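Residue numbers (our numbering): 30 to 484.
Here is the structure we will look at, set down as structure tokens.
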Ligand SMILES: Cc1cc2nc3c(=O)[nH]c(=O)nc-3n(C[C@H](O)[C@H](O)[C@H](O)COP(=O)(O)O)c2cc1C
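What follows is the structure, given as structure tokens:
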């Protein structure tokens with residue numbers, strides 16, 4: 030394993046040298062034309078191979094409709110040219126919201142989401158012409174143990190977990206099978222609303238250890254939703270089946286899935302039973318194959334948990350601890366998961382995560398990945414907050430401007446932890462620097478020089 034270091038790479042040659050020096054495997058291509066390629070998904074064509082990952086702004090109205098800053102963010106994304114816009118975590122029940130400003134899709138809020146979609150389409154068309162219609166996915170979520178609907182933690186847990194339980198009392202309840210069964214229907218209702226509104230797809234969020242992701246690793250849970258692979262995947266599969274039964278092909282169903290949690294077995298998904306630092310993708314691959322057979326055409330692969338092991342989820346220069354690895358190893362690991370799933374299920378579109386740490390060099394890894402068949406669409410998260418025009422610059426200028434890129438400083442995540450509205454503090458400073466400053470006042474630093482011990 031390499032030592033953690035901040036980004037210092039200037040050129041593609043530097044990147045290739047660093048890959049060699051670390052002894053890792055990662056695709057790089059100087060020719061970035063692959064990012065311009067349209068991607069066929071069923072009968073839809075995604076206009077290019079770049080996607081904006083779901084990025085929560087925590088800036089909806091108290092009722093959960095998109096608000097001023099939400100509209101601003103998606104206007105910027107739509108004029109940025111990415112072929113696919115994956116709309117952020119949107120709760121299906123109020124008690125499952127991760128913060129009091131998280132979006133919440135319900136009948137009363139439908140018009141607000143319809144206006145948001147109209148805005149995205151109008152702006153994309155105005156900038157790129159009628160042939161450019163970004164593919165839109167809305168991420169449906171229940172925040173599970175990270176629910177904070179009133180701004181205070183109000184965890185809803187699927188199973189006890191010594192690594193994540195923190196101060197939860199011993200008798201804290203676990204969500205019941207009956208409640209889970211009812212919740213499945215809330216996801217289906219939200220999918221129906223999304224279909225009425227006209228989104229291309231719903232994502233049944235299955236990542237980052239929110240409720241459904243936690244269920245995938247609920248090895249120790251009793252009853253119908255815990256223990257065996259069949260039980261642990263039941264919630265997700267039931268939701269997919271019910272949506273398909275109710276809506277047929279009216280809306281695509283997709284998911285953002287953790288390749289692995291990096292949490293020890295029997296509390297983590299996709300991990301080697303002896304050593305949780307080593308992935309074992311046997312179950313994730315098995316799941317993706319089942320979903321493919323049910324008509325799912327795309328899967329967005331990510332990993333880790335933003336609270337417990339954030340460097341696994343979003344390789345960074347600065348964060349709550351210094352990881353015991355080089356950030357490029359984290360990037361390569363994430364791209365490697367996409368590759369393993371893409372290789373195992375070639376007839377599905379795999380979307381990759383975790384490129385933003387690479388800054389202006391990210392298009393070369395993204396294009397390399399597509400050219401070498403590691404994945405079919407490259408996803409950009411923090412980069413989109415910092416540089417919403419990144420895709421347009423790739424398409425029109427063939428390169429990114431170093432001075433506009435995300436610097437993986439972790440401040441957008443800090444805003445979230447502080448309960449503020451999230452965005453890029455560095456590149457979008459006029460709006461977000463004051464929010465960041467106000468949120469930090471009187472609080473101990475989140476960023477730390479402590480070495481990671483647990484991951
Ligand atoms: C402020 C912030 C908000 C995020 N919100 C979401 C979200 O709503 N849903 C999701 O699946 N991932 C979310 N993520 C994770 C990103 O989508 C992405 O996976 C991660 O930042 C790594 O990709 P990157 O290197 O391109 O940033 C969020 C990340 C950050 C920093």
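C-beta atoms are modelled at their ideal positions from N, C-alpha and C, and glycine is treated no differently.
As the structure is a computational prediction, the values presented were derived from the model and not from experiment.
My understanding is that residue i touches residue j, with C-beta atoms under 8 Å, so please give their C-beta distance in whole angstroms.
i	j	result
residue 326	residue 377	6 Å
residue 487	residue 78	Residue 487 falls outside the range modelled here, since the chain spans only 30 to 484, and no answer is possible.
residue 414	residue 434	Contact doesn't hold; Cβ gap of about 11 Å is too wide.
residue 282	residue 216	Rounded, the Cβ-Cβ distance is 10 Å, inconsistent with contact.
residue 313	residue 284	No, residue 313 and residue 284 are not in contact; Cβ-Cβ is about 11 Å, not under 8 Å.
residue 468	residue 449	4 Å
residue 213	residue 258	Incorrect: roughly 18 Å between the Cβ atoms, too far for contact.
residue 100	residue 145	7 Å
residue 114	residue 163	5 Å
By the DSSP assignment, the alpha helix (DSSP H) with residue i in it spans what residues?
i	result
residue 341	339-342
residue 281	Where residue 281 is concerned, there is no enclosing alpha helix (DSSP H), although the beta strand (DSSP E) it sits in stretches over 281-287.
residue 460	458-469
residue 36	Taken as a continuous stretch (DSSP letters only), residue 36 belongs to no alpha helix (DSSP H), as it is neither H nor E.
residue 398	391-400
residue 141	139-157
residue 319	311-322
residue 420	419-426
residue 443	440-446
Looking only at its own chain, which residues have a Cβ that is under 8 Å from the Cβ of residue i, when we skip the five neighbours before and after it?
i	result
residue 321	374, 376, 377
residue 351	33, 477, 478, 479, 480, 481
residue 319	262, 266
residue 335	237, 342, 343, 442
residue 427	61
residue 134	93, 119, 120, 121, 142, 167, 169, 219, 222, 223
residue 98	86, 88, 450, 452, 460
residue 360	55, 344, 383, 384, 386, 387, 394
Residue i lies in the beta strand (DSSP E); which residues open and close that run?
i	result
residue 330	327-331
residue 409	406-409
residue 167	164-170
Here's the rule: buried if 16 or more other CB atoms are within 10 angstroms of the residue's CB, otherwise exposed. What is residue i?
i	result
residue 59	exposed
residue 54	exposed
residue 30	exposed
residue 465	buried
residue 458	exposed
residue 392	buried
residue 461	buried
residue 234	buried
residue 454	buried
residue 176	buried
residue 241	buried
residue 110	buried
residue 140	exposed
residue 40	exposed
residue 205	exposed
residue 201	exposed
residue 229	buried
residue 231	buried
residue 243	buried
residue 165	buried
residue 191	exposed
For residue i, which residues from the same chain have a beta carbon less than 6 Å from its beta carbon, with the 5 sequence-adjacent residues on both sides left out?
i	result
residue 161	76, 153
residue 276	224
residue 308	289, 299
residue 423	64, 392
residue 132	89, 93, 119
residue 250	188
residue 156	108
residue 248	295
residue 400	58, 63
residue 412	385, 419, 435
residue 173	185, 239, 240, 243
When you compare the CB of residue i with every CB in chain D, is at least one pair closer than 7 Å?
i	result
residue 426	No chain D appears in the structure shown, which is made up of a single protein chain.
Excluding sequence positions up to five away, which residues of its chain have a Cβ less than 7 Å from the Cβ of residue i?
i	result
residue 379	328, 330, 367, 370, 371, 404, 405
residue 354	30, 31, 33
Run the proximity test for residue i: is its beta-carbon closer than 6 Å to any non-hydrogen atom belonging to ligand 3?
i	result
residue 458	This structure simply doesn't include ligand 3; it includes ligand 1 instead.
Quick check for students: name the residue ranges of the beta strand (DSSP E) that lie wholly in the segment 226-276, counting only runs of 3 or more.
230-233
Just to confirm the assignment: which complete beta strand (DSSP E) runs, minimum length 3, are found wholly within the segment 333-387?
378-381
Alpha helix (DSSP H) runs wholly inside the segment 48-124, at least 4 long, in chain order:
97-107
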